[in-house]
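So the structure is just underneath, and the comments pick up after that.
There are 2 protein chains.
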Amino acid sequence: MSEVYAARRARLREWCEAGGSEAALVSGGANVRYLVGGAPAGAALLLGPDRDVLVCASDPFADATGGSRPADDLPVLVLPTPDGDPAVAGAERAVEAGARSLAVEEHHLTVTRHRAVRSVAARARLNDLGTAVEQQRVIKDDEEISTLRIAAEIADQALGELLESILVGRTERHLALELERRLIDHGADGPAFATSVGAGPNSGRAGHVPTDRRVEEGDFLSVCLGALYRGYRSEIARTFVIGSSPADWQIELYDQVFAAQRAGREALAPGTAYRDVDRAARVVLEAAGHGERLGPRIGHGVGLENDEDPRLSPSAMGKLDACVPVTVDPGVHLPGRGGVRIDDTLVVRPEADGGPELLTITTKELLAL
Amino acid sequence: MSEVYAARRARLREWCEAGGSEAALVSGGANVRYLVGGAPAGAALLLGPDRDVLVCASDPFADATGGSRPADDLPVLVLPTPDGDPAVAGAERAVEAGARSLAVEEHHLTVTRHRAVRSVAARARLNDLGTAVEQQRVIKDDEEISTLRIAAEIADQALGELLESILVGRTERHLALELERRLIDHGADGPAFATSVGAGPNSGRAGHVPTDRRVEEGDFLSVCLGALYRGYRSEIARTFVIGSSPADWQIELYDQVFAAQRAGREALAPGTAYRDVDRAARVVLEAAGHGERLGPRIGHGVGLENDEDPRLSPSAMGKLDACVPVTVDPGVHLPGRGGVRIDDTLVVRPEADGGPELLTITTKELLAL
């Protein structure tokens, strides 16, 4: 696996050299992980000018149990005191090694840390690395997609088990905790993000924080969860009706959100503009009179972070590529009544390969539980 | 309660004016919450130059279920699109209102966001607010301490129940999840931080991420947890022995860490230097030959964040005040064997008031479970 990380670093190094930086300092957590395979929180990666060095505040090999080991072939510098800043130490090393220019992640470093970096690297020009690593992370390799496939399967399993249990009378909080326990039972390293469960008037809200509201007959119940597996994060949301027969407004709203989500999924193809995927789903819900109730985007990339590039929104610039995993997650919430959210993780594939690959396969029929 | 937040803002505003800033922009999440009572993630608070405004990317009153409502008397500006940056919009508002100088949190804003703030506030001088709000947060009022007392009681209850259950054969992960469920059962809004459970060779490690290691006879079992209650976060750690009789090395190590933790607790008094609290605990473990195995600090402040000022470390500058809640949490981990961590949340009180107030009251005897 070391070669994968070395190749990623080589690609970034080329990008930096083309931009006029002799060295680069990567400090964003997911970015460091992408380039080295695993590192303790707060670690910084120095690329060049001679060789790459991972700078850590604690020994990355001491914690044998965590998934935080860097690739074996990478030199590691452990700071003498855990209170030190690896980014500052990395900048110091870059200058000692002769770098006259150093690209840093200005969207990640705070002004205070940037000043500390500048003060030790006064001899070098500081450039902005921008989101170069984030952009490199957008298209996933087969290994990454396989890992995401497992993360999606775990979320499907946890959700499937929940559907077989008694739901009426239980609180949103307890259902969320149970889902997280089941994720771990099925092999997840943890939840991919805070599990959201919304019942009745809370259903359908994006990012709803579970409360003590109990599930009642006639409720919509919406659930959004994901599994963290070997660093990668899946995402799925489903909405159910509690009781034997959904009300007419529930069937209508469900059908509208389902149609929008399907339209979004069907728009996923290499070459499609991000905003056109958003548009495909959004027009369906606008036509149904829900335009004002929609969130800022209809989906987003997933990988080492739950919400990463690309963003599928009206103002997003760029086009989809093959092998980009994204969510399609429209939802509508009617204040006081509740709502519907339907969300899948998919991988963009050319039509010749069968079109978008659905990773989260739990049924999207409106189940009455 | 509105008056409490207004008084906090008035104090900060005085501090800014004394430092030559006509307005201040607060963007650190816990800092905003401290000054307004509650706000959606990403909100920014503009203090002055005329009146204070809370800037949010979403309506803070729309989410009736969250604990994120700002004080009623505070003007709120909701951005037209959720993708906007409240800090940038706040800076724009400050300049429109005539501020010629604006203090921002340089340790919180990234270089990229700071640049965006600067570009809309080109007419104003940008100053550094530094950690002014963090410093203001160090001494807690009675209401804050009462809230922390409940948060500590919840953690005690969750831990107490765990001790009554069967532990052998269960994994670290499952015990951690069960503790988090019990925290919520007892009224917590969530865990204060990721619950850590370490068994056998993993016991005693600071911040250990729970694994599939099962609890075995003869193990040390160390547990670190805390409750989040109305924004405030308690912390407690205990170490137990599994089985009928601890080994001699276990008794010896436990006694050493216990003596260090007691020395640290006993050093808590108004006027004591932070570093002297660290020293009091550290010398005990250095004398026992564990100097090399100690972490960078022996305790830290708790409140709206789990790890906030003051830091009780060898290099910390400053002295304790009354009404400052801190942890005292020394631990020693012997590679391959395991270790001990003992951690309490206490409030610094003068000797006339009975000395330090212990909030986490679970016994610190070495229990064999």
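For the record, the sequence lines run as chains Z and X.
Start counting the first sequence at 10; every next residue gets the next number (my numbering).
Start counting the second sequence at 10; every next residue gets the next number (my numbering).
For glycine and all other residues, C-beta sits at the position ideal for the given N, C-alpha and C.
When the beta-carbon positions are compared, Leu56(Z) and Leu63(Z) stay at least 7 Å from each other. Taking a Cβ-Cβ threshold of 7 Å, the residues of chain Z close to Thr90(X) are Pro305, in chain order. Sequence-distant Cβ neighbours of Ile159(X) in its own chain, meaning closer than 7 Å and more than five residues away, are Tyr238. For Leu184(X), no chain Z residue has a Cβ inside 7 Å of its Cβ, as the nearest lies near 11 Å away.
Beta-bridge annotation (DSSP): Ile351(X) is not paired with any residue. Counting every other CB atom within 10 Å of its CB across the protein chains shown gives Glu115(Z) a total of 16 or more, marking it as buried. Cβ contact annotation for Val142(X) (same chain, cutoff 8 Å, sequence separation greater than five): Leu21, Val35, Gly37, Asn40, Tyr43, Leu44, Glu114, in chain order. For Leu44(X), the three-state secondary structure derived from DSSP is helix. The three-state reading of DSSP puts Ile245(Z) in strand, counting E and B together. Glu12(X) and Val311(X) have their alpha carbons spaced roughly 23 Å apart. In the displayed model, Asp81(Z) falls within coil according to three-state DSSP, outside both helix and strand. The beta carbon of Pro95(Z) is closer than 7 Å to those of Gly51, Ala52, Ala53, Val64, Cys65, Ala66, Leu88 in its chain, skipping five residues each way along the sequence.
Relative to the Cα of Glu261(Z), the nearest Cα in the group Val293(Z), Asp221(Z), Leu355(Z) belongs to Val293(Z). Arg190(X) sits close to Leu186(Z), with the two beta carbons spaced by under 7 Å.
DSSP, read as helix, strand or coil, puts Ser128(Z) in helix.
Between the beta-carbon of Leu277(X) and that of Val357(X) there is about 5 Å, and that keeps the pair under the 8 Å contact cut. Note on geometry: alpha-carbon atoms of Ala27(X) and Arg132(X) lie some 21 Å from one another.
In the same chain as Gly93(Z), and ignoring 5 residues on each side of it, the C-beta atoms closer than 7 Å to its own belong to Ala66, in chain order. Runs of the alpha helix (DSSP H) spanning 4 or more residues and lying entirely within the region 94–146 of chain X occur at 95–105, 120–129, 141–146, in chain order.
Neighbours of Val232(Z) in chain X, taken as residues at a C-beta separation under 8 Å, are lacking, since the least C-beta distance is about 16 Å. Annotation for Gly345(Z): Pro210 place their beta carbon closer than 8 Å to its own, counting only its chain and skipping 5 residues before and after. Under the three-state reduction of DSSP output, Ala19(X) falls in the helix class. With its beta carbon at least 7 Å from every one in chain X, Val45(Z) lies outside the interface. DSSP places Leu321(Z) in the strand class (E or B) of the three-state scheme. DSSP lists Tyr241(X) as the bridge partner or partners of Tyr238(X).
Scanning its chain for C-beta atoms nearer than 8 Å, with the 5 sequence neighbours on each side dropped, one finds around Ile351(X) the residues Ala246, Arg247, Thr248, Val266, Phe267, Gln270, Asp338, Pro339, Gly340, Lys373, in chain order. Using beta-carbon distances, Glu115(Z) counts as an interface residue toward chain X, with a partner under 7 Å. A Cβ of chain Z is located within less than 7 Å of the beta carbon of Val120(X). For a cut-off of 8 Å, the C-beta gap from Pro323(Z) to Asp287(Z) is around 6 Å, short enough to register as a contact. Residue contact with chain Z for Ile193(X): present (Cβ-Cβ distance below 7 Å to some residue of chain Z). For Arg190(X), the nearest beta carbon of chain Z is closer than 7 Å to its own beta carbon. In the DSSP secondary-structure assignment, Val62(Z) is bridged to Leu55(Z). A residue is called buried once 16 or more other Cβ atoms fall within 10 Å of its Cβ, and Thr90(Z), having fewer, is exposed.
Interface flag for His123(Z) against chain X is set, since a Cβ pair is found closer than 7 Å.
In the structure shown, the three-state DSSP call for Thr180(X) is strand. CA-CA distance, Asp82(Z) to Asp285(X), rounds to 42 Å.
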